[in-house]
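In what follows, a single structure is set out as structure tokens and then discussed.
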Amino acid sequence: MKPSEIDTAADSPEEPYDELDGSPIVQQVLGSAFPALTVFHDKLMAEGEPRGLIGPRDIHIIWERHILNSAAIVPFVRKAVAHDVDKAVADVGSGGGFPGLVAAACLPECTFTLIEPMERRVAWLEECVGKMGLENVVIIRARSEEVIDRIRKHTLKPFAAVTCRAVAPMTKLSGWTLPLLKPHGQLIALKGRSAEAEIEKADKQIRRFHGVHPRVCLAPVGEGLEPTHVVLVDKQ
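Just add 78 to the spot in the sequence shown (first one is 1) and you have my numbering.
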């Protein structure tokens with residue numbers, strides 16, 4: 079190899095890859111949602127970091143950290159809306175689409191309202207919904223408090239389930255999510271390892287907004303992958 083060729087090889091950028099590309103685990107977990115979520119994955123791979131939606135260390139683990147992690151809530155959502163006529167779900171602070179877009183792709187029988195206040199993230203969500211071909215998603219550019227106000231004024235129906243991921247500690251999250259729920263609805267929040275401590279600290283706020291039976295469940299992400307934590311709170 080000539081010196082110039084060595085230099086060119088050294089300077090050529092590394093092709094982006096995901097550690098779970100081609101893994102049967104991904105298709106096994108996502109099932110019929112796999113094609114739409116492959117489109118989402120590829121868009122995240124190409125645009126997620128420069129648009130500030132994922133960190134530089136996430137590029138090689140988008141499937142596991144963001145998509146499969148988000149999909150871990152799907153069985154909880156399915157159960158929460160099982161007896162609800164509208165099967166309406168709100169996703170608070172949707173950001174890059176976690177978990178809202180992932181859950182919407184996995185649960186076409188549900189209607190998802192993605193609540194996101196930032197214009198640039200709303201633009202991203204709209205692009206993704208179009209590219210993924212999702213027909214069960216509505217995007218509202220607003221803070222959660224504004225949507226709660228619409229429910230109180232009866233210009234919007236409350237939801238059977240509310241989802242969120244990495245939005246705020248439970249002390250704040252309780253007031254942003256529980257008022258969105260109809261009676262007997264359920265908050266389903268993806269959380270970290272401090273989830274148990276969070277719900278203990280937020281006990282007063284949870285009860286103030288008519289939440290009952292807060293608990294933490296360990297949710298599988300995929301075979302051989304570390305499970306995640308889901309906080310469930312029922313609405314009286």
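Each residue gets a CB set at the ideal place from its N, CA and C atoms; glycine is no exception. From a predicted model like this one, the values you see are computed outputs, not experimental measurements.
Would you give the residue range spanned by the beta strand (DSSP E) that residue i belongs to?
i: I217; result: 215–218
i: H262; result: 259–269
i: V245; result: Segment: none, V245 is in no beta strand (DSSP E) and carries neither H nor E.
i: L192; result: 189–193
Just list the residues that DSSP pairs residue i with in beta bridges.
i: C295; result: V308
i: F237; result: L259
i: G178; result: Its beta-bridge partners do not exist; DSSP assigns none.
i: A273; result: In DSSP, A273 forms no bridge with anything.
i: D99; result: Beta-bridge pairing links D99 to no other residue.
i: A166; result: T189
i: G289; result: K313
Please report the residue range of the alpha helix (DSSP H) in which residue i lies.
i: T249; result: 248–255
i: I103; result: 102–108
i: T116; result: 112–121
i: L203; result: 197–210
i: D281; result: 281–286
i: D227; result: 222–230
At a Cβ threshold of 8 Å, is residue i touching chain B?
i: L303; result: In the structure shown, chain B does not exist; there is a single protein chain.
Apply the 10 Å Cβ neighbour rule to residue i and answer buried if 16 or more other Cβ atoms are within range, or exposed otherwise.
i: D89; result: In this prediction, D89 scores a pLDDT of 45, lower than 50, which makes its location untrustworthy; no coordinate-derived value is stated.
i: R199; result: buried
i: P261; result: exposed
i: L296; result: exposed
i: K250; result: exposed
i: D96; result: buried
i: Q314; result: exposed
i: E194; result: buried
i: V245; result: buried
i: P257; result: buried
i: A114; result: buried
i: P236; result: buried
i: V318; result: With the chain running from 79 to 314 in the structure shown, residue 318 is simply not present.
i: K121; result: buried
i: A124; result: exposed
i: P177; result: buried
i: S222; result: buried
i: S252; result: buried
How close, in whole Å, do the beta carbons of residue i and residue j come, if the pair is a contact with beta carbons under 8 Å?
i: V309; j: M248; result: 7 Å
i: V167; j: T241; result: 6 Å
i: V117; j: L146; result: 16 Å between Cβ atoms; not a contact.
i: V180; j: A149; result: 5 Å
i: T233; j: V170; result: The Cβ separation is near 18 Å, so there is no contact.
i: E197; j: R219; result: 7 Å
i: L212; j: A238; result: Not quite, the Cβ-Cβ distance comes to about 19 Å (not below 8 Å), so this is no contact.
i: R228; j: L268; result: That belief does not hold up - the Cβ atoms of R228 and L268 are roughly 25 Å apart, past 8 Å.
Following a CB-centred definition, is residue i positioned closer than 7 Å to any heavy atom of the ligand SAM?
i: A244; result: As for the ligand SAM, it is missing from this structure, which has no ligand bound.
Could you give the uninterrupted runs of the alpha helix (DSSP H) lying entirely in the stretch 121–164, keeping only those of 4 residues or more? 152–158
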